[in-house]
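Here the sequence shown stands for residues 1 to 294, numbered as in my numbering.
Report on the following structure.
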Amino acid sequence: MAVEKLLSTRKLAEYLDQEAEDQLDGHHVYDIGNYGWVDEDTPDPQFLGHAMWQVDPPLQHEHHSWYGEAPVRHRPTEEEEILAVSGTDFEGLMRFARMSLGLSLWQQQLAEDALFDDNHYFWLHYLSAMVMLNAASDRLREFFVMAFFRDKIKIYEKKGKKHSWYQTPFSEARDATNESMAELLGKLDSLAEEIYQHRDNRNKMIHEVATKVGKWERELTYQKRQRFDEQKNFGFVGQSPEFKDITANFTEAQELHKVELRKTTEQIISWYKTLIKASSYVFEVENIMRRRRS
């Protein structure tokens, strides 16, 4: 069916961006750069690590040296490179995840009203957000391993089977620290467990979404086979379902459909917010460890 195009591509992009932002704001899902400050000059104690990362990152770039206006005064170390790259990667992946989440939330109302539709766009943006959050979780862990243990992630994971588990470095750091950082690393270890649970759910959900259409087709095939066997054994008995029964079944199916969609978006929102909290603690740990070593 032909659809009249009322907006230019640029205007449509602006409209989608605003709609996604409105949905995200309504769910209190903010850009990662907006955390860390109560006001322009006051760090937020709940997200102190984000303020530290923004004003005192592990690698300061000498902007005046880029175009030959001043000499380069510091040669970046490999450790600084890994921290800077993994930290910046984490930020970028969180922003991509947030954009996908916003578009998924925007599509959610349409999906809720389309019980018998495949809702490709909703699930597309939902899966995209999950993939980005999973990658962001990896980058955050890589950053932490270098910040606390001063190890590359591949070297750390070769130390033993458990070292490849997501939560292990956070638990090891909690057990190895002194009292001054015990509370901070204890909170971080708890959040690492939550991140692991989100990653585990992600593997199940990707499989479920990818096979959703196939499952529906399998169920229809099973019902058809069952009806055929009943007719073969007992003969065909024609019956017309009551309208009230059809309506009741449809209403129940629609409510279950809405609950499923809302649970999926709630899971993604929870994962995003958990990573925001965890990354603040990770950035704070890195800053403390760097100052101790200097």
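From the three backbone atoms N, C-alpha and C, an ideal C-beta is built for every residue, glycine too.
If you run the structure through DSSP and keep just helix, strand and coil, what is residue i?
| i | result |
| --- | --- |
| P43 | strand |
| W37 | strand |
| P76 | coil |
| I246 | Reliability fails at I246, whose pLDDT of 48 lies under 50, so the model's placement of it is uncertain and no value is given. |
| Q167 | coil |
| Y30 | coil |
| S294 | coil |
| Q108 | helix |
| F236 | coil |
| A70 | coil |
| H198 | helix |
| Q314 | No answer is possible for residue 314: the residues shown for the chain start at 1 and end at 294. |
| G186 | helix |
| Q18 | helix |
| E142 | helix |
| Q231 | helix |
| E223 | A small fix is needed here, since residue 223 is Gln in this sequence, not Glu. Residue state, collapsed to three classes: helix. |
| G102 | helix |
Smallest Cα separation from residue i: which of the options?
| i | options | result |
| --- | --- | --- |
| D44 | E14, S280 and Q107 | S280 |
| R75 | T88, E69, F90 and L59 | L59 |
| Q23 | E69, L261 and L101 | L101 |
| K204 | H50, T264, F170 and G68 | T264 |
| K258 | R291, Q109 and K224 | Q109 |
| T177 | I288, T42, V29 and L12 | I288 |
| H27 | R10, W106 and G92 | W106 |
| E266 | P57, V29 and L93 | V29 |
| R174 | F149, E157, G160 and K161 | F149 |
| D200 | K5, G235 and N134 | N134 |
| K93 | A20, A111, M132 and T77 | According to the sequence provided, residue 93 is Leu. The question's Lys does not apply to it. Comparing Cα-Cα distances from L93 to each of A20, A111, M132 and T77, the minimum goes to M132. |
| R202 | F236, S137 and V85 | S137 |
| L185 | G68, F144 and I269 | F144 |
| G273 | E157, E21, K161 and A97 | Note that residue 273 is Lys in the sequence shown here, rather than Gly. Checked all of E157, E21, K161 and A97; the closest Cα to K273 is A97. |
| Q46 | E284, R291 and L261 | E284 |
| R95 | E172, K11, I32 and Q231 | I32 |
| R290 | V85, K224 and P57 | P57 |
| Q54 | F234, G87 and G68 | G87 |
Considering only residues of the same chain and omitting the five flanking positions on each side of residue i, which have a CB-CB separation below 7 Å?
| i | result |
| --- | --- |
| K187 | Y281 |
| L140 | F90, L275, A278, S279 and V282 |
| R293 | none |
Suppose the cutoff is 6 Å on Cβ atoms and the five residues either side in sequence are ignored; what does the same chain contact list for residue i look like?
| i | result |
| --- | --- |
| E183 | none |
| Q167 | A192, E193 and Y196 |
| F170 | L188, D189 and A192 |
| R262 | none |
Leaving out five residues before and five after residue i in sequence, what residues of the same chain have Cβ atoms less than 8 Å from its Cβ?
| i | result |
| --- | --- |
| L16 | L103 and W106 |
| E14 | none |
| E157 | H163 and S164 |
Quick one: does residue i have its CB under 8 Å from some CB of chain C?
| i | result |
| --- | --- |
| T274 | No chain C is part of this structure, which consists of one protein chain only. |
Could you tell me if the beta carbon of residue i falls within a distance shorter than 7 Å of some heavy atom in the ligand ATP?
| i | result |
| --- | --- |
| E69 | With respect to the ligand ATP, the structure shown offers nothing to examine, as it has no ligands at all. |
**Stretch-stretch touch, CB-based, cutoff 8 Å, three pairs: the segment 119 to 127 with the segment 29 to 37** = no
**Message:** Taking contact to mean 3 or more Cβ pairs, one atom from each stretch, closer than 8 Å, check whether the segment 93 to 112 and the segment 128 to 135 are in contact.
**Reply:** yes
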